[in-house]
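Numbers given in my numbering equal positions in the sequence shown, counted from 1, plus 12.
Where a beta carbon is used, it is the ideal one built from N, C-alpha and C, also for glycine.
A quick write-up on the structure given underneath.
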Amino acid sequence: MNDLLRPYIVLFIVVYLDDILVYSKIKQDRIHHLRQVFSTLKEHKLDGKLEKCKFFVPRVVFLGYEVSCDGI
Numbered sequence: 013m014n015d016l017l018r019p020y021i022v023l024f025i026v027v028y029l030d031d032i033l034v035y036s037k038i039k040q041d042r043i044h045h046l047r048q049v050f051s052t053l054k055e056h057k058l059d060g061k062l063e064k065c066k067f068f069v070p071r072v073v074f075l076g077y078e079v080s081c082d083g084i
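So this is what it looks like as structure tokens:
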């Protein structure tokens, strides 16, 4: 995953093994970022598990930490 998504790491995603966290402050940016990530995964014939996906939530638990727009 790191090699595949390297162009986006630190810009708008964090990757840990098979977990991908997409972040941005502006909703339209996030939609664009999600499309870029999904397009990259599709190019490499990879799928996501819908039951693991959460979209447009104000906070999420990632690697045991609660992450929000206020920080960790």
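Per DSSP, cross-strand counterpart(s) of Leu33: In the sequence shown, residue 33 corresponds to position 21, counting from 1. The partner list for Leu33 (beta bridge, DSSP) reads Val26.
Spatial distance of Gln40 from Val34 (CA atoms): One-based indexing of the sequence shown puts residue 40 at position 28. One-based indexing of the sequence shown puts residue 34 at position 22. Rounded to whole angstroms, Gln40 to Val34 spans 13 Å at the Cα level.
Beta-carbon separation (whole angstroms), Asn14 vs Ile25, contact threshold 8 Å: For this step, residue 14 is matched to residue 2 along the sequence shown. For this step, residue 25 is matched to residue 13 along the sequence shown. About 10 Å separates the two Cβ atoms, so there is no contact after all.
Buried/exposed call for Ile84, threshold 16 Cβ in 10 Å: Residue mapping note: residue 84 aligns to position 72 of the sequence shown, counting from 1. Per the 10 Å Cβ criterion, exposed.
Boundaries of the beta strand (DSSP E) in which Val72 is found, first to last residue: Translated into positions along the sequence shown, residue 72 becomes position 60. For Val72, the uninterrupted beta strand (DSSP E) run begins and ends at 71-74, by DSSP.
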